[in-house]
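Read through the structure below, which is laid out as structure tokens, and then see the notes.
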Amino acid sequence: MHRPAALPALVLAALLAIAAAPALAQSWRSTPTETLRIEDQPGYEPTADEEQLSPALQRQMVFFRTTEPPGTIIVHTSERFLYVVQGNNRALRYGIGVGRDGFQWQGLKSIVRKAEWPDWTPPPEMIERQPYLPRFMAGGPGNPMGARALYIGGTVYRIHGTNQPQTIGHAVSSGCFRLVNADVMDLYERIPVGTKVVVKQAPEL
């Protein structure tokens, strides 16, 4: 009986590669590299406040070395960036507005409360400096606290949104860290109460 000749090794390798292609494609799709870049998500359309940000200040995944565990918030005041550690030398970076001269600070804190469309009650020290401020303002689009707030324990400061997106990247606040509303809403969904917050004046060299 005549036996068919064995397939050449090159042809056999090609057939095996074709058979494995679906599995390899699925493996690639599930790899968590750059998946948090909002601009890469299907159907994404930037909001008006995001469009006002320079590319450097827009939310993006970056290379970031730290010994802090994933989920930690790290603020570099001098850089005007807030990082959420992702592990594997990666972090999700947000452009922020920071405290003006005399109102910058550093320390190790945690998130103790979260609020959607928070009310604003300026603390007494702010009222003393700016007596024209309202004593209370209900949450909403016109509120300077923006769409979300994360309250930093042991301080009067917050990580919050803003109705002035043009201030992102600048030192303008009384010590709070502000993000455009689209970014603070994204951050709000990622960060649970109890999250560690590390505030630094400058990045480590």
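In mature numbering (1 follows the signal peptide of the UniProt record, and there is no 0), the protein residues as written are -25 to -1, 1 to 180. Ideal Cβ positions, reconstructed from N, Cα and C, are used throughout, including at glycine. These numbers were taken from a predicted model, which means no experiment stands behind them.
TODO: Determine the contact status of Val172 and Ile143, defining contact as a CB-CB distance below 7 Å.
DONE: Start at 1 with the first residue of the sequence shown, and residue 172 comes out as number 197. Start at 1 with the first residue of the sequence shown, and residue 143 comes out as number 168. Not closer than 7 Å, so no.
Open item on the list: Looking only at its chain, what residues have a beta carbon closer than 6 Å to the beta carbon of Thr8, apart from the 5 residues adjacent to it on each side?
Closed with: Residue 8 sits at position 33 when you count from the first residue of the sequence shown. Because the pLDDT of Thr8 is 34, which lies under 50, any placement of that residue in the model is unreliable, and the question is left without a value.
Open item on the list: Under DSSP, the alpha helix (DSSP H) around Ile102 begins and ends at which residues?
Closed with: Stepping through the sequence shown from its first residue, residue 102 is reached at position 127. Counting along the chain, the alpha helix (DSSP H) containing Ile102 begins and ends at Pro99 to Arg104.
TODO: Using only alpha-carbon positions, find the residue among Arg55, Thr41, Arg40 and Thr47 that is nearest to Leu28.
DONE: Counted from its first residue, the sequence shown places residue 28 at position 53. The option with the nearest alpha carbon to Leu28 is Arg55.
- [ ] Could you have a look at Gln141 and say whether DSSP puts it in helix, strand or coil?
- [x] Here residue 141 refers to the residue found at position 166 of the sequence shown. In the structure shown, Gln141 adopts helical secondary structure according to DSSP, grouped into three states.
Open item on the list: Suppose only complete runs of 4+ residues qualify. What are the alpha helix (DSSP H) ranges in the region 144 to 178, listed by chain order?
Closed with: Entirely contained in the region 144 to 178, the alpha helix (DSSP H) runs reaching 4 residues are, in chain order, 156 to 165.
Task: Which of helix, strand or coil DSSP assigns to Ala122 - done: Walking along the sequence shown from the start, residue 122 turns up at place 147. Residue state for Ala122 is assigned as coil, using DSSP reduced to three classes.
Open item on the list: For His51, tell me which candidate among Pro44, Arg110 and Val59 has the shortest Cα-Cα distance.
Closed with: Along the sequence shown, one-based indexing puts residue 51 at 76. Considering only alpha carbons, the answer is Val59.
Open item on the list: Please report the straight-line C-alpha distance between Ala31 and His145, rounded to a whole angstrom.
Closed with: One-based indexing of the sequence shown puts residue 31 at position 56. One-based indexing of the sequence shown puts residue 145 at position 170. Answer to the nearest angstrom: the Cα atoms are 13 Å apart.
- [ ] Decide if the region 93 to 101 is in contact with the region 78 to 85; the criterion is three or more beta carbon pairs, one per stretch, under 8 Å apart.
- [x] Touching, no, given that fewer than three Cβ pairs across the two stretches are closer than 8 Å.
Task: Reduced DSSP secondary structure (H/G/I, E/B, other) of Ala113 - done: Along the sequence shown, one-based indexing puts residue 113 at 138. Reduced to three states, the DSSP call for Ala113 is coil.
TODO: List the whole-angstrom C-beta distance separating Asp161 from Arg34, where the pair is believed to meet the contact cut-off of C-beta under 8 Å.
DONE: The residue given as residue 161 occupies position 186 in the sequence shown. The residue given as residue 34 occupies position 59 in the sequence shown. Contact holds; Cβ gap of about 7 Å.
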